[in-house]
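Report on one structure; see the data block that follows.
In mature numbering (1 follows the signal peptide of the UniProt record, and there is no 0), the protein residues as written are -23 to -1, 1 to 95.
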């Protein structure tokens, strides 16, 4: 019985060593050196939108499993805004309107992550 227990322990240790030899290696992907293909910070699409209380952080998400609905959300900084989205089937012809509901979130003592100071 003792030799069987030793054999089980030895097998377990060997399996751990073999599987440990490959740990940390998930794929052959290697991150490219800089410069990256990210959007530059001065790109027009990252500008603050013009106008009073303009929507920011707009998110468009598939709203159902069939692809027949969408969820559109956004943030306004100064005050709550109407929950209306104008849309259409042709570019720059927004002849339809969908109304939603507004949810107000307030964060107290919220601070973003800033770079470390040297």
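All C-beta atoms in this analysis are idealised placements derived from N, C-alpha and C, irrespective of residue type, glycine included.
- If the five residues before and after residue 38 are omitted, its C-beta is found closer than 7 angstroms to the C-beta atoms of 47, 48, all from its own chain and listed in chain order.
- Restricting attention to 72, 29, 55, -21, the CA atom closest to the CA of residue 63 is found in 72.
- Rounded to whole angstroms, the Cβ separation of residue 76 and residue 61 is 6 angstroms, and the two are in contact under 8 angstroms.
- Residue 17 sits away from residue 26, with the two beta carbons spaced by 8 angstroms or more.
- The beta carbons of residue 34 and residue 52 sit about 4 angstroms from each other, so the pair counts as a contact at 8 angstroms.
- Cα atoms of residue 80 and residue 70: separation of roughly 28 angstroms, rounded to the nearest angstrom.
- For residue 61, the beta-bridge partners assigned by DSSP are 76.
- Residue 28 and residue 82 have their C-alpha atoms roughly 22 angstroms apart.
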